[in-house]
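Line by line, the protein sequences are chains A and B.
With the first sequence counted from 1, adding 3 to any position gets you our numbering.
With the second sequence counted from 1, adding 320 to any position gets you our numbering.
All residues carry an ideal CB built from backbone N, CA and C; glycine is no exception.
The structure appears below as C-alpha cells.
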Amino acid sequence: MLRHLIRISLQQAVNNHNPRPSPRSATPAAAQQTDRSALVALSGLSRRFARRWALRNARLRVHAGEIVGITGHNGSGKSTLLRVLCTALRPSAGQGTVCGYDLVRDADQVRARTAFLAHTPGLYDDLTAEENLRFAATMLGLASRGIAAALERVGLAGEADTRVRGFSAGMQRRLGIARVLLHAPPVVLLDEPYNSLDTEGIELVNDVMRETRARGGAVLVVIHDLVRVAPLVDRVVEMRAGAMLEPVAAVASPLEALAASSVPQPVR
Amino acid sequence: MMSFATNIRRARAIAWKDLTSERRSKAGFNSVAFLGVLILLLFGFALGPDAERLRNAAAGVLWLAVLFSGVLAFNRSYQLELDGNALEPLLLYPGARWSIFVGKLAANLAFVLMVEAVLIPVAMVLFDVSPPPLWGRLLAVIGLGTVGFVALGTFYAAMASRSRAREVLLPLLLFPMLVPVLLASIEASSALLGGDAMRDAGAWMRLLAAFDVIFVTVSLLAFEHVIEI
Chain A
4 MLRHLIRISL QQAVNNHNPR PSPRSATPAA AQQTDRSALV ALSGLSRRFA RRWALRNARL
64 RVHAGEIVGI TGHNGSGKST LLRVLCTALR PSAGQGTVCG YDLVRDADQV RARTAFLAHT
124 PGLYDDLTAE ENLRFAATML GLASRGIAAA LERVGLAGEA DTRVRGFSAG MQRRLGIARV
184 LLHAPPVVLL DEPYNSLDTE GIELVNDVMR ETRARGGAVL VVIHDLVRVA PLVDRVVEMR
244 AGAMLEPVAA VASPLEALAA SSVPQPVR
Chain B
321 MMSFATNIRR ARAIAWKDLT SERRSKAGFN SVAFLGVLIL LLFGFALGPD AERLRNAAAG
381 VLWLAVLFSG VLAFNRSYQL ELDGNALEPL LLYPGARWSI FVGKLAANLA FVLMVEAVLI
441 PVAMVLFDVS PPPLWGRLLA VIGLGTVGFV ALGTFYAAMA SRSRAREVLL PLLLFPMLVP
501 VLLASIEASS ALLGGDAMRD AGAWMRLLAA FDVIFVTVSL LAFEHVIEI
C-alpha cells in the first residue's frame with residue numbers, strides 16, 4: 004500500500020516537472036528516425052580490468068534532447084561506462100559512437116564533442132580559478148572571452164584570482180562545472196555531479212543539464228539519489244555487476260526505476 | 321582537427337602552466353637544485369683534495385649531478401598532473417598529443433637549464449675550474465646535452481607516470497638510454513675545459529646534435545602511444 008502511494012506521488016512529481024512526452028512514446032517511424040540521430044550509441048560495449056569485467060555488453064542509445072540517469076550499486080560499472088564514453092578508457096570489446104564518431108577510431112572527434120565532469124574535477128592547485136579556465140579554453144582551442152561569464156555563472160567571479168589550493172570541495176566542483184560551461188559540447192557526462200554542492204550548486208548542475216537538453220544535446224548522469232534527479236531525467240538505466248539490467252527498448256522511466264531499483268534511496 | 325598553430329598554443333599553455341605551478345610552489349626547484357649541489361659536494365669529498373684530479377673529474381661529476389637532479393624534475397613534471405587527478409582531463413582535451421609532449425619538454429628544458437645555472441658555477445668553484453677560452457662552445461655542449469637528456473627524460477617520465485613505482489622505474493628506463501648522450505656530453509665538456517688541444521669537441525658535438533634530432537623525433541612520434549590511456 005505504502006509502495007503504491009509512493010508510486011502515485013512520485014508519478015505526479017515527475018509529471019509536474021517533466022511534462023514533455025517521453026522519447027519512448029514516439030511512433031515507430033519517428034523512433035527509427037531518432038535512432039539514426041542518436042548522439043550516443045553503444046553496442047555490446049565491454050571493458051575489462053585484468054580478469055574482471057567492469058562493463059559487460061552495454062547497449063544504449065541516447066538521443067538529442069535526452070537526459071539519461073544511470074544508477075547502480077558501487078562498482079556496478081557506471082563510472083567505467085562514462086570513462087569509456089569520454090575516451091578516457093578504451094573498450095575491450097564492442098562498439099560505440101558519440102555524435103556518429105567511433106570511440107576508438109575517432110577518439111579526437113569524440114573528445115571535441117564531450118565534456119566529462121568526474122568525481123574529482125582535475126584542477127591545478129597552484130593556478131587561480133581564472134587561470135585554470137584560461138588553460139582549459141586554450142586546450143580546447145577556444146577564445147578566452149567566455150571565462151568571466153562562466154565564473155560569474157558558477158558564483159566564483161569574486162574568487163577569480165584566488166588559487167584553487169584554497170578552494171573547498173564545493174568550490175572546486177563549481178569550477179569544474181564552469182569548465183563544462185566554457186565548452187558547451189553536445190554530449191555532457193556527469194559522474195555524481197551533486198557531490199559536495201550546496202542547494203545553489205545543485206540547481207546549477209540541473210541548469211547545465213536543462214540547457215544541454217534545450218540546445219539539442221544529451222546528458223548522461225551517474226547518480227545514486229534518483230529522487231533528486233527524477234524530475235529532470237527522461238529515463239533511468241540501472242547497472243549491476245557491469246551489465247545494464249534492462250535492454251534498450253525497455254529502459255525504465257524515472258518512476259519505474261525508483262520503484263524497481265535495487266539501489267537503496269536516501270531517506271527524506 | 322585542430323590546426324598546427326592551435327596545437328602550438330596548447331604546447332605553450334602547458335609549458336606556462338607547469339612553470340607557473342613550479343614558480344609558485346618553489347618546492348621543486350629548491351629541492352632539485354639542493355640535491356644537485358649536494359651531489360657535487362659528495363663527489364668532491366670522495367675525490368679528495370688533489371686539485372688536478374678534481375679538475376679532470378669536473379665535467380663528469382657535473383653531468384652526473386644534472387642527471388640525478390633532472391630525474392627528480394621529470395618525475396615532478398607528471399606529479400603535478402597526478403596530484404590533482406589532472407592527467408586524465410589533460411588527455412581528454414581534443415588535439416594532437418604531440419602538443420602535450422612539446423609543452424612538457426619546453427617546461428622541463430627551462431627547469432633543467434635553471435638548475436644547471438646554479439650547478440655550473442658551484443662546480444667551477446668546488447672543482448677549481450676556470451672558465452675555458454672556448455666558453456661559447458661549452459655552453460653549446462651544455463645546451464645540446466640538455467636537450468637530448470630532457471627529451472628522453474620527458475618521454476620516459478610519461479611512460480612511467482602510470483606506474484605506482486614510477487620513481488624507481490624512471491631511472492631504470494632512462495639511464496641505459498642516456499649512455500650515448502652522457503658519454504658525448506662528458507667527452508665534449510672535458511675537451512673544452514682542457515682547452516680542446518686535440519680538437520675533439522667538434523666531433524662529440526656533432527654526435528650530440530645527431531642524438532638530439534633522433535631522440536626528439538622518436539619521442540614526438542611515440543609519445544601518443546606511451547601516454548594513451
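Asked, Found
"Would you kindly check if the distance between the Cβ of Ala217/A and the Cβ of Val71/A is under 9 Å?", "no"
"Using the rule of at least 16 other Cβ atoms within 10 Å of the residue's Cβ for burial, across every protein chain shown, is Leu362/B buried or exposed?", "exposed"
"Whole angstroms is fine: what's the gap from Val533/B's alpha carbon to Ala430/B's?", "19 Å"
"Taking three-plus beta-carbon pairs below 8 Å as touching, is the region 50-63 of chain A in contact with the region 118-130 of chain A?", "no"
"Can you list, in chain order, the residues of its chain with a C-beta nearer than 7 Å to that of Ser175/A? Leave out the 5 residues immediately preceding and following it.", "For the record, residue 175/A in the displayed sequence is Gln; it is not Ser. Counting only Cβ-Cβ distances below 7 Å, and skipping sequence neighbours, we find Pro124, Leu126 and Val167."
"In whole angstroms, what separates the C-alpha of Phe324/B from that of Thr141/A?", "13 Å"
"Val386/B: which of Ala353/B, Leu412/B and Pro409/B sits nearest, CA to CA?", "Ala353/B"
"Which residue spans inside the region 157-189 of chain A form an unbroken alpha helix (DSSP H) run of at least 4?", "172-186"
"So, helix, strand or coil for Ser419/B, using DSSP?", "helix"
"Got a sec: is the Cβ-Cβ distance from Leu48/A to anything in chain B below 9 Å?", "no"
"Could you work out which residues of chain A lie near Ala393/B, taking near to mean beta carbons separated by less than 7 Å?", "Residues of chain A passing the Cβ test: none, with the nearest at roughly 16 Å."
"With a threshold of 9 Å between beta carbons, is Lys424/B in contact with chain A?", "no"
"Whose C-beta lies closer than 6 Å to the C-beta of Gly78/A among residues of the same chain, with five residues either side of it excluded?", "none"
"Does the distance from the C-beta atom of Leu192/A to that of Ala153/A stay below 9 Å?", "no"
"Within 9 Å of any Cβ in chain B, is that where the Cβ of Gln98/A sits?", "no"
"Against chain B, with Cβ distances strictly below 9 Å, would Met142/A count as a contact?", "yes"
"Looking only at its own chain, which residues have a Cβ that is under 6 Å from the Cβ of Leu248/A, when we skip the five neighbours before and after it?", "Glu241"
"To the nearest angstrom, report how far apart Arg55/A and Gly80/A are at their CA atoms.", "11 Å"
"For Ala427/B, would you say it is in contact with chain A, using Cβ-to-Cβ distances shorter than 9 Å as the test?", "no"
"Taking 6 Å as the limit between beta carbons, can you name the residues of its chain near Ala416/B, skipping five residues before and five after?", "Asn327"
"Hey, out of Glu548/B, Val422/B, Val449/B and Leu528/B, whose CA is closest to Ala480/B's CA?", "Glu548/B"
"What residues match up with Arg50/A in a beta bridge as DSSP calls it?", "Leu58/A"
"Using a C-beta cutoff of 9 Å, does Thr117/A count as contacting chain B?", "yes"
"Is the CB-CB distance between Val357/B and Leu367/B below 9 Å?", "no"
"Whole angstroms is fine: what's the gap from Val536/B's alpha carbon to Ala471/B's?", "6 Å"
"Helix or strand or just coil, what does DSSP make of Leu439/B?", "helix"
"Does DSSP put Gly75/A in a helix, in a strand, or in coil?", "strand"
"Using a Cβ-Cβ cut-off of 8 Å (strictly less than) and excluding sequence neighbours within five positions of Phe543/B, which residues of its own chain qualify?", "Arg417, Trp418, Ile420, Phe421, Phe475 and Ala478"
"Threshold first: 4 residues or longer. Then list the alpha helix (DSSP H) segments lying entirely within the region 434-484 of chain B, N to C.", "455-480"
"By Cβ distance below 6 Å, which residues in the same chain neighbour Ala333/B in space, the five residues on each side in sequence not counted?", "none"
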